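Per my numbering, the sequence shown starts with residue 3, numbered consecutively.
Beta carbons are placed, not taken as given, at the ideal position from N, Cα and C, and that holds for glycine.
None of these values were measured; they are calculated from a predicted model.
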Amino acid sequence: MEDYEPGEHEPSRIGLTLETYILEGMLGRPEARGYFTSLLNQIALAAKLVTARVRRAGLANVLGTTGEQNATGDVVQKLDEEANETLMRALGRRHHCAAAASEEEEDIRILSTADSANYLVVFDPLDGSSNIDVNISIGTIFGVYRKDHDGPATMEDFLKPGRELQAAGYVIYGSSTQFVITTGKAVHGFTYDPSVGEFLLSHENIRIPDHHPTYSINEGNAARWTDGVKRWGEWVKAEDPSTRRPYSMRYVGTLVADAHRTLLRGGVFAYPADTKSPEGKLRLLYEANPFAFVLEAAGGVATTGTERVLDIQPTALHQKVPLILGSRRNVEEFLRFANG
Ligand code: P6P
Numbered sequence: 003m004e005d006y007e008p009g010e011h012e013p014s015r016i017g018l019t020l021e022t023y024i025l026e027g028m029l030g031r032p033e034a035r036g037y038f039t040s041l042l043n044q045i046a047l048a049a050k051l052v053t054a055r056v057r058r059a060g061l062a063n064v065l066g067t068t069g070e071q072n073a074t075g076d077v078v079q080k081l082d083e084e085a086n087e088t089l090m091r092a093l094g095r096r097h098h099c100a101a102a103a104s105e106e107e108e109d110i111r112i113l114s115t116a117d118s119a120n121y122l123v124v125f126d127p128l129d130g131s132s133n134i135d136v137n138i139s140i141g142t143i144f145g146v147y148r149k150d151h152d153g154p155a156t157m158e159d160f161l162k163p164g165r166e167l168q169a170a171g172y173v174i175y176g177s178s179t180q181f182v183i184t185t186g187k188a189v190h191g192f193t194y195d196p197s198v199g200e201f202l203l204s205h206e207n208i209r210i211p212d213h214h215p216t217y218s219i220n221e222g223n224a225a226r227w228t229d230g231v232k233r234w235g236e237w238v239k240a241e242d243p244s245t246r247r248p249y250s251m252r253y254v255g256t257l258v259a260d261a262h263r264t265l266l267r268g269g270v271f272a273y274p275a276d277t278k279s280p281e282g283k284l285r286l287l288y289e290a291n292p293f294a295f296v297l298e299a300a301g302g303v304a305t306t307g308t309e310r311v312l313d314i315q316p317t318a319l320h321q322k323v324p325l326i327l328g329s330r331r332n333v334e335e336f337l338r339f340a341n342g
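Right, here's the structure in full:
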């Protein structure tokens, strides 16, 4: 069954549960049933468990840090650790996930050596965790690859270009909790209804607008940008009603929130290379690739400034890349200046 496009006479499927959507192969991959379906439902279960925890963060004395640093040097918030363990447990339960790579762990974690363990998962369990204590939106980001050999998973299995993803998506813990997922053909959003404990289809076949007068970047880094990015930064702020400038600037400081808003409204999000972060700040495997996969499936673009994110051949689990994503014409504007 090709991806469903609700016709004018067909009933919309708004309100369907995520589980039904996945079980009935409505993600556009009818051939990927059974194990793949079960794996995605395990990720959805983990999202429900993390949601419950995040919603009580202020009450359950899980705010604050553990005092340790994670694999990439970020100070670990207690909720980071809990979300990491929740995902690892959920992924290991049904023996469809051979191994997982998490922002929170230096190496991959082997989860199953069963013959049914045909998949690999990369994830950032709680993106934007520095915003937890001030109640700003945070999120979980995930990507699913196929393990294409017998025997236990290895680190090398994870060094695949993002274009080989079988599925990717994210959960945003914001004013509501939303689960956004794609298998590459269409992007669908599900909103969590705590009264029934289910994610219900709320945004079917999300398409990003071709342009929107909004940009999203940490202006506090302006002095560190390249000359080309500085020229772009001046251009978007200049007064010119004929091109709807100055653009609005929106920046949350959580990738999931800034990228989700960009997906739904359009515009451009940029975390470019700069003098402080010459490789960029965001991680390729479990931040840039999953969002690049989602944005392209929704008709958008994701680039490092010099190459398509999904074409990068990874060389390390936690490697960083510059990330510019959003509406095609907004990204083209950025590239015209950045590479001009
Ligand atoms: P800055 C959060 O810590 C994060 O990893 C991303 O979620 C976010 O886009 C970025 O860092 C924000 O970085 O330097 O603007 O605070």
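Asked, Found
"Put Ser250 into one of helix, strand or coil per three-state DSSP.", "strand"
"Hey, is the segment 188 to 208 in contact with the segment 147 to 158, meaning 3+ C-beta pairs nearer than 8 Å?", "no"
"Starting from Tyr147, trace the beta strand (DSSP E) in both directions and tell me its first and last residue.", "Ile140 to Arg148"
"Straight-line CA distance for Glu4 to Gly30?", "Unreliable positioning characterises Glu4 in this predicted model, as indicated by a pLDDT of 44, which lies under 50. The coordinate reading is nonetheless provided below. When rounded, the distance between both Cα atoms is 6 Å."
"Is the segment 235 to 255 in contact with the segment 294 to 313, if contact means three or more CB pairs nearer than 8 Å?", "no"
"Which partner residues does Lys322 have in the DSSP bridge list?", "Arg285"
"Along the chain, where does the beta strand (DSSP E) that runs through Phe160 open and close?", "From DSSP, Phe160 is part of no beta strand (DSSP E); its letter is neither H nor E."
"Does the Cβ of Tyr273 lie closer than 7 Å to at least one heavy atom of the ligand P6P?", "yes"
"Do you know how far the Cα of Lys232 is from the Cα of Tyr147?", "37 Å"
"Say whether chain C places a C-beta atom closer than 8 Å to the C-beta of Leu51.", "The chain inventory of the structure shown lacks chain C, comprising one protein chain alone."
"Within the segment 218 to 278, note down every full alpha helix (DSSP H) run reaching 4 residues or more, in order along the chain.", "229 to 239 and 257 to 267"
"Can the beta-carbon of Ala59 be found less than 8 Å from the beta-carbon of Ile112?", "no"
"Quick one, are the C-beta atoms of Val296 and Tyr175 less than 8 Å apart?", "no"
"Verify the contact flag: Ser132, CB atom, against every heavy atom of the ligand P6P, threshold strictly below 7 Å.", "yes"
"Determine the DSSP secondary structure at Gly130, reduced to helix, strand or coil.", "coil"
"Using a Cβ-Cβ cut-off of 6 Å (strictly less than) and excluding sequence neighbours within five positions of Pro8, which residues of its own chain qualify?", "Low local confidence applies: a pLDDT of 49 at Pro8 is under 50, so the model's placement there is unreliable, with the coordinate-based value given in what follows. Around Pro8: Ser14."
"Mind pulling the beta strand (DSSP E) runs of 3 or more residues that sit fully within the segment 159 to 215?", "169 to 175, 179 to 184, 189 to 195 and 200 to 205"
"Look up Ala102 in the DSSP assignment and give the residues it is bridged to.", "Arg111 and Val123"
"Could you please give me the residues that DSSP links to Phe310 through a beta bridge?", "Checking the sequence, you will find Arg at residue 310 rather than Phe. Thr305, per the DSSP bridge assignment."
"Looking at the strands, I want to know which residues DSSP matches up with Leu327.", "Phe271 and Ala304"
"Measure the alpha-carbon distance for Ala46 versus Ser244 and round it to whole angstroms.", "45 Å"
"Cα separation between Val258 and Pro324?", "16 Å"
"Around the Cβ of Gln44, are there at least 16 other Cβ atoms within 10 angstroms (buried) or fewer (exposed)?", "buried"
"For a test of the three-state rule: what should DSSP assign to Gly94, helix, strand or coil?", "helix"
"Of all the options Thr115, Lys50, Cys99 and Met90, which has the alpha carbon lying nearest to the alpha carbon of Glu106?", "Met90"
"Once you ignore the five residues that flank Tyr249 on each side, which residues in its own chain have a CB closer than 8 Å to its CB?", "Pro215, Thr216, Tyr217, Val238, Lys239 and Gly269"
"Can you tell me which of the three DSSP states Thr53 falls into?", "helix"
"Measuring alpha carbon to alpha carbon, tell me which residue in Glu70, Asn86, Leu161 and Phe181 is nearest Asp126.", "Asn86"
"Which residues in the same chain have their Cβ closer than 6 Å to the Cβ of Ile210, if we skip the five residues on either side of it in sequence?", "Leu265, Gly268, Ala300, Gly301, Gly302 and Ser329"
"So is Thr88 buried or exposed if we call it buried at 16+ other beta carbons inside 10 Å?", "buried"
"Please state the DSSP three-state secondary structure of Gln315.", "coil"
"Buried or exposed: where does Ile16 fall if 16 or more other Cβ atoms within 10 Å of its Cβ makes it buried?", "exposed"
"Just the C-alpha distance for Tyr23 and Ile314, rounded to the nearest angstrom, thanks.", "31 Å"
"Please state whether DSSP places Thr39 in a helix, a strand or coil.", "helix"
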